[in-house]
Amino acid sequence: MATSINGYYDVPEGVDVRGRYDADFAAAILTTEALWFVAELHREFRGRVRHAMGRRREAQRRYDAGAVPGFDPATRLVREGEWACAPVPPAIADRTVEITGPAERKMVINALNSGAKVFMADFEDALSPSWENLMRGQVNLRDAVGGTISFYDESRNKLYKLNDDKLATLFVRPRGWHLPEAHIFVDGEPAIGCLVDFGLYFFHNHAAFRATQGEGFGPFFYLPKMEHSREAKIWNDVFERSEKFAGIEMGSIRATVLIETLPAVFQMDEILYELRDHSVGLNCGRWDYIFSYVKTPGPPDRLLPDRVHVGMAQHFMRSYSDLLIRTCHRRGVHAIGGMAAQIPVKDDAAANEAALDLVRHDKLREVRAGHDGTWAAHPALIPAIAAVFAAHMRDGAPHQIRTADRDDA
């Protein structure tokens with residue numbers, strides 16, 4: 001066992017922390033016990049993660065040679081079988097409006113206070129993975145779960161703190177399987193980034209979260225960038241391993257998977273099946289999905305026009321959304337819509353109203369299609385989005401899981 005002397009982290013055997021020493025990080029996040037937990041996750045699952053990433057590379061070579069993704073004949077019985085995921089926990093039955101943002105202190109406070117049903121704190125796309133950002137983000141989430149988070153903005157002479165009334169329920173998005181963590185080494189190799197994000201957060205917050213936000217369930221997560229159900233299976237086993245470690249019931253941890261890669265579209269049933277005890281739905285990650293469609297080579301007749309002409313009204317994008325909705329509702333979980341690109345326009349009322357109209361139109365399309373909720377890009381958009389969903393949600397229910405309109409999706 002190493003010892004914390006003169007600014008060194010107290011680490012378990014085989015672990016090397018190469019990030020800058022910070023007393024707050026050492027005391028609150030990078031404890032010996034938490035690092036041991038992360039290291040055990042890395043050791044147990046690194047072989048399977050390497051195999052899954054190798055299979056990704058093999059698939060990409062096939063696409064480069066002219067193959068296209070498709071439904072796997074080997075898992076036909078999973079797609080055609082009658083089965084359902086575990087019931088959605090009461091704490092997150094209503095997810096009509098979700099807001100996302102980096103795990104930065106002021107953002108966390110504003111998002112939890114925003115009036116959204118869910119806040120997804122992001123360690124992935126919205127956060128540059130510097131050592132400072134990642135570890136400070138963990139501190140921020142620990143304080144948020146504990147209800148003690150505050151932030152004083154000297155430039156505005158303003159104190160930010162949590163409201164006393166209803167707060168958004170916290171989800172956390174770790175990085176994808178493909179990203180290493182360069183500042184933490186386990187047995188001489190970089191730790192798997194998402195297991196660092198997940199492991200540190202889970203270790204420090206699972207008990208408090210279940211008591212304060214999850215109503216006996218949780219913590220809750222968003223899982224990004226998966227391409228195959230084997231990757232979902234690894235996550236499921238990580239969850240079960242963590243639940244056993246913490247002594248909590250199997251199925252306590254719940255996760256929504258972002259469907260944002262072209263190969264994953266053909267694996268939605270299989271992904272839910274692998275996570276059936278831990279899933280609370282799928283999300284249309286539309287912008288990354290478009291990128292994946294462009295990135296995954298295929299016949300030349302599948303080239304896309306300029307991005308401005310690629311929206312959810314196009315047939316292939318609507319089919320993607322409809323299949324996600326149908327799959328989720330058939331399996332008893334939420335189908336969450338994507339993020340409209342517009343944000344409020346300051347100091348220009350006409351432009352701001354035009355942006356709001358575009359957002360309302362996009363969210364009306366989503367709720368009519370059957371989505372149970374959607375993402376807001378900015379807190380100021382939440383009232384308009386919530387009004388659209390409230391006016392068109394079927395039978396005034398908090399979700400539309402009982403509906404599955406399109407059999408041709």
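UniProt numbering puts the first residue of the sequence shown at 1, with every later residue one more than the last.
Glycine included, C-beta positions come from ideal geometry on N, C-alpha and C.
- Under DSSP, E181 takes part in a beta bridge, and its partners are A191.
- Linking D269 to Y320 through their CA atoms gives a straight-line distance of about 13 Å.
- In the structure shown, K225 adopts coil according to DSSP, grouped into three states.
- Counting C-beta atoms within 10 angstroms of its own C-beta, F71 has fewer than 16 neighbours from the protein chains shown and is therefore classed as exposed.
- Just so you know, the alpha carbons of A264 and E80 end up roughly 17 Å apart.
- For T75, there is no enclosing beta strand (DSSP E), as DSSP marks it with neither H nor E.
- Across the set A34, A28, Y21 and F25, the C-alpha of A34 shows the shortest separation from the C-alpha of E13.
- The region 275–283 makes no contact with the region 294–309, as fewer than three CB pairs between them are under 8 Å.
- CA-to-CA, the gap between A86 and G251 works out to about 8 Å.
- The region 106–126 and the region 307–325 do not touch, with fewer than 3 CB-CB distances between them shorter than 8 Å.
- A straight-line Cα-Cα distance of about 21 Å links L324 and A377.
- Counting only runs of 3+ residues, the beta strand (DSSP E) found wholly inside the region 355–399 occupies 373–376, in chain order.
- For G47, no beta strand (DSSP E) encloses it; the enclosing alpha helix (DSSP H) starts and ends at T32 to D64.
- Secondary structure of P263 (DSSP, three-state): helix.
- In the same chain as S229, and ignoring 5 residues on each side of it, the C-beta atoms closer than 8 Å to its own belong to T75, Q267, E270, I271, Y273 and E274, in chain order.
- Cα atoms of A27 and L258: separation of roughly 33 Å, rounded to the nearest angstrom.
- With a 10 Å radius around the Cβ and a threshold of 16 neighbouring Cβ atoms, E353 comes out exposed.
- Going by C-alpha positions, Q138 is about 12 Å away from I149.
- Within the same chain, P224 and K225 come within 6 Å of G176 by CB-CB distance, once the 5 residues on both sides are set aside.
- One thing to note: F221 has its Cβ within 8 Å of the Cβ of A255.
- For V15, the beta-bridge partners assigned by DSSP are V186.
- Excluding residues up to 5 positions away in sequence, K117 and P398 lie with their Cβ nearer than 6 Å to the Cβ of D94 in the same chain.
- Straight through space, the alpha carbons of G373 and E366 are spaced by roughly 8 Å.
- Around the C-beta of G396, fewer than 16 other C-beta atoms lie within 10 Å, and the residue is accordingly described as exposed.
- In this structure, DSSP gives C328 a helical state, which the three-state scheme calls helix.
- The DSSP-derived three-state label of K117 is coil.
- Assignment of M312 by DSSP, reduced to helix, strand and coil, places it in the coil class.
- A straight-line Cα-Cα distance of about 29 Å links G19 and Y160.
- Taking C-beta atoms as the reference points, A355 and I336 fail to come closer than 8 Å.
- Taking one beta carbon from each stretch, the region 189–205 and the region 125–142 have 3 or more pairs nearer than 8 Å; the two touch.
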